[in-house]
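Taking it in order: structure first as structure tokens, then the write-up.
2 protein chains.
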Amino acid sequence: MPQARSRSRPSKSMLGLDAVLAATIALVDELGCEAVSLRRVAQALQTGPASLYVYVRDRQELMALVLDHAVADVVVPDDGAGDWRTRLELLVGRIVTALAGHNDIASIGLRDALPGPHGLRLTEEMARLLRTGGLDDDACSWAIDLLGQYIYSTALENAGAGTDPPTPETFTARLDATFRTLPAGRYPTLRALAPSLTGGNRDARAAWKLRVIIDGLLAQPPHTPLSRETHVTPAPVTGRRGPLS
Amino acid sequence: MPQARSRSRPSKSMLGLDAVLAATIALVDELGCEAVSLRRVAQALQTGPASLYVYVRDRQELMALVLDHAVADVVVPDDGAGDWRTRLELLVGRIVTALAGHNDIASIGLRDALPGPHGLRLTEEMARLLRTGGLDDDACSWAIDLLGQYIYSTALENAGAGTDPPTPETFTARLDATFRTLPAGRYPTLRALAPSLTGGNRDARAAWKLRVIIDGLLAQPPHTPLSRETHVTPAPVTGRRGPLS
DNA sequence: ACCTGAACACCGTTCAAGT
DNA sequence: ACCTGAACACCGTTCAAGT
Numbered sequence: 063m064p065q066a067r068s069r070s071r072p073s074k075s076m077l078g079l080d081a082v083l084a085a086t087i088a089l090v091d092e093l094g095c096e097a098v099s100l101r102r103v104a105q106a107l108q109t110g111p112a113s114l115y116v117y118v119r120d121r122q123e124l125m126a127l128v129l130d131h132a133v134a135d136v137v138v139p140d141d142g143a144g145d146w147r148t149r150l151e152l153l154v155g156r157i158v159t160a161l162a163g164h165n166d167i168a169s170i171g172l173r174d175a176l177p178g179p180h181g182l183r184l185t186e187e188m189a190r191l192l193r194t195g196g197l198d199d200d201a202c203s204w205a206i207d208l209l210g211q212y213i214y215s216t217a218l219e220n221a222g223a224g225t226d227p228p229t230p231e232t233f234t235a236r237l238d239a240t241f242r243t244l245p246a247g248r249y250p251t252l253r254a255l256a257p258s259l260t261g262g263n264r265d266a267r268a269a270w271k272l273r274v275i276i277d278g279l280l281a282q283p284p285h286t287p288l289s290r291e292t293h294v295t296p297a298p299v300t301g302r303r304g305p306l307s
Numbered sequence: 063m064p065q066a067r068s069r070s071r072p073s074k075s076m077l078g079l080d081a082v083l084a085a086t087i088a089l090v091d092e093l094g095c096e097a098v099s100l101r102r103v104a105q106a107l108q109t110g111p112a113s114l115y116v117y118v119r120d121r122q123e124l125m126a127l128v129l130d131h132a133v134a135d136v137v138v139p140d141d142g143a144g145d146w147r148t149r150l151e152l153l154v155g156r157i158v159t160a161l162a163g164h165n166d167i168a169s170i171g172l173r174d175a176l177p178g179p180h181g182l183r184l185t186e187e188m189a190r191l192l193r194t195g196g197l198d199d200d201a202c203s204w205a206i207d208l209l210g211q212y213i214y215s216t217a218l219e220n221a222g223a224g225t226d227p228p229t230p231e232t233f234t235a236r237l238d239a240t241f242r243t244l245p246a247g248r249y250p251t252l253r254a255l256a257p258s259l260t261g262g263n264r265d266a267r268a269a270w271k272l273r274v275i276i277d278g279l280l281a282q283p284p285h286t287p288l289s290r291e292t293h294v295t296p297a298p299v300t301g302r303r304g305p306l307s
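The listed protein sequences derive, respectively, from chains A and B.
Heads up: the first sequence is residues 63 to 307, going by our numbering.
Heads up: the second sequence is residues 63 to 307, going by our numbering.
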């Protein structure tokens, strides 16, 4: 019995899922989602790619776990934060900020990823707040859908905001150049809009869009109230994206 | 001179960009974007992967071209179609339908892709209609942003609708299962919402969300009118996504 | 149970060479 | 200009073998 203490025998190993996730997030921050390969993660952990399959079914599951991990620390606004709308805006803003702080990690959510425990926790709170606002079942569900689109798209749009320098930003620069050099004959409106299309304050833009969505939600007439009890056949139907994962 | 007619000498080749795009779209329809490799496209064209680089800088450019191609046939509603809002809803609906008809092609737009000529044509018309609706420059720009998010997300959500059978849909099924088996203690609202979260009519859901956005746009007070002339420094700023590409 | 080297069947992209 | 075989440096995933 060579071991005096409880640590049985770390010949090299016992990476643990947490270490795998931490290494993956670090690589996402550094290289972006697309460039993160299982081989690179394994290399960062000083092991071979096959070792990761102990903790994860495949690359997709790893990325879904990492996405969920990225919102783990988001705290739900408490009762004192204001009315349901204020709290919803605060919550959504926090989620966007958390995701935008990890490079293009939000792109995982834009594709298919089943919701993880933390995403579910936050989605539950969004749904609860929306119900407090008086929305019926369908409106709540569709609103969650819409807010999910908003969250991931905005987080991706704002990705790399915190870095210094704010990343080369070749993409936005190329987009801006595209608009500014548009033939004014065929695209008069876009040419005129060019400065505001790519410019302006990111947070103001994000807040404005969220306000649009919530104002729009409140403008909808309450659904015909046959919604709940008469739902005999929910008619399962296609749809690739889910709420926060 | 072996050729009697103008066709100079098709020893095998002269694929042409159109043929490359057609082969790529066919593969996207069949396999989905992720599974479409340059090697498979080349194989479909009976050539090697290196041949494609005559027409395309890299895989990303090919996918951007294919995305633009997918909206090439969308026709802009004419003056007789109704007021600006009716026409905008019609236009957006047509774009979503065109994209949703090509599997998960919309996922290209959710990531970074510079707008192509057809996307620009449609974006120009959206911007024009929004201005007709009285929105100022910033509101127009941000609205285009929001509508782009809506278009791609909804098209992806509705992907594979036309197929018969409507595709195995393992993802929606798994999502549905996730919600229905949620512990009701921790997630009471999501459990109650489970039927409407994944169910319901796709088109009704999409139309409702678009209505929410436009109602929300109209609910915004006109911006402080220092918007145009005083734009000295547009403050070029990060942002990964652009309008329709 | 957890880890691993080696192998399998793929990738995107480049390049020198051919027409 | 357009095409191509071959090579380079990668992928995700599996599997038999080790502890």
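No residue lacks a Cβ here, since even glycine has one placed at the ideal position from N, Cα and C.
All values reported here derive from a predicted model rather than from experimental measurement.
Listed from N- to C-terminal order along the chain, which residues in the stretch 168-191 of chain A have their beta-carbon within a distance smaller than 7 Å of any beta-carbon of chain B? Cβ contacts with chain B: S169, L172, R173, D174, L176, P177, L182, T185, E186, A189 and R190.
When the cut-off is 7 Å and only beta carbons count, does B/D145 lie next to chain A? No, its Cβ sits nowhere closer than 7 Å to a Cβ of chain A.
According to DSSP, is A/Q211 part of a helix, a strand, or is it coil? A/Q211: helix per DSSP, three-state reduction.
Below 6 Å CB to CB, which residues in the same chain sit around B/L259 once its five sequence neighbours on both sides are set aside? Within the same chain, and ignoring the five residues on either side of B/L259 in sequence, the residues whose Cβ sits closer than 6 Å to its Cβ are F241.
For A/R267, decide whether its Cβ has a neighbour in chain B, counting only Cβ atoms nearer than 7 Å. Closer than 7 Å to some Cβ of chain B, the Cβ of A/R267 qualifies, so yes.
Strictly below 7 Å CB to CB, what residues from chain B border A/L208? Chain B residues near A/L208: K271 and V274.
Nearest chain A C-beta to B/A97 closer than 7 Å, yes or no? Interface criterion not met: the Cβ of B/A97 is under 7 Å from no Cβ in chain A.
The alpha helix (DSSP H) enclosing A/D265, as first and last residue numbers: According to the DSSP assignment, A/D265 belongs to the alpha helix (DSSP H) that extends over R264 to A281.
Less than 7 Å between CB atoms is the rule here; does A/S203 satisfy it with respect to chain B? Chain B, which has a Cβ nearer than 7 Å to the Cβ of A/S203, makes this yes.
How would you list, in chain order, the residues of chain A whose beta-carbon sits under 9 Å from the beta-carbon of B/A281? In chain order: R273, V274, D277, G278, L280 and A281.
Please tell me whether A/A217 and A/A168 are closer than 7 Å, where the distance is taken between their beta carbons. Closer than 7 Å, so yes.
Just to confirm my understanding: we take B/D130, look at its own chain, exclude 5 residues before and 5 after, and list those with CB closer than 8 Å. What are they? Excluding residues within five positions, the ones whose Cβ falls inside 8 Å are P177, G178, P179, H180, G181 and S307.
Give a yes or no on whether 7 Å exceeds the smallest Cβ distance from A/P227 to chain B. For A/P227, the predicted structure reports a pLDDT of 47, less than 50, and the residue's modelled location is therefore unreliable. A value from the coordinates is still provided. Under the Cβ criterion of 7 Å, A/P227 is not counted among the residues facing chain B.
Check for me: the alpha helix (DSSP H) holding A/T232 runs from which residue to which? Here the alpha helix (DSSP H) through A/T232 covers T232 to R242.
For a test of the three-state rule: what should DSSP assign to B/A81, helix, strand or coil? In the displayed model, B/A81 falls within a helix according to three-state DSSP.
Could you give the distance in angstroms between the alpha-carbon of A/V137 and the alpha-carbon of A/V154? Rounded to whole angstroms, A/V137 to A/V154 spans 11 Å at the Cα level.
Alpha carbon to alpha carbon, how far is B/R248 from B/A254? Spanning the two alpha carbons is a distance of roughly 12 Å.
Leaving out five residues before and five after A/R156 in sequence, what residues of the same chain have Cβ atoms less than 6 Å from its Cβ? Excluding residues within five positions, the ones whose Cβ falls inside 6 Å are V136.
Got a sec: is the Cβ-Cβ distance from A/D200 to anything in chain B below 7 Å? Answer yes: the Cβ-Cβ gap between A/D200 and chain B drops below 7 Å somewhere.
In terms of residue numbering, what span does the alpha helix (DSSP H) encompassing A/G181 cover? Per DSSP, the continuous alpha helix (DSSP H) segment holding A/G181 begins and ends at P179 to T194.
So, helix, strand or coil for B/V133, using DSSP? Three-state result, B/V133: coil.
Which word fits A/I207, buried or exposed, when buried means at least 16 other C-beta atoms lie within 10 angstroms of its C-beta? For the record, residue 207 of chain A in the displayed sequence is Asp; it is not Ile. Sixteen is the threshold: when 16 or more other Cβ atoms of the shown chains lie within 10 Å of the Cβ of A/D207, as they do, the residue is buried.
When A/V158, A/R119 and A/Y115 are compared against A/A134, the one with the closest alpha-carbon: Closest by alpha carbon: A/V158.
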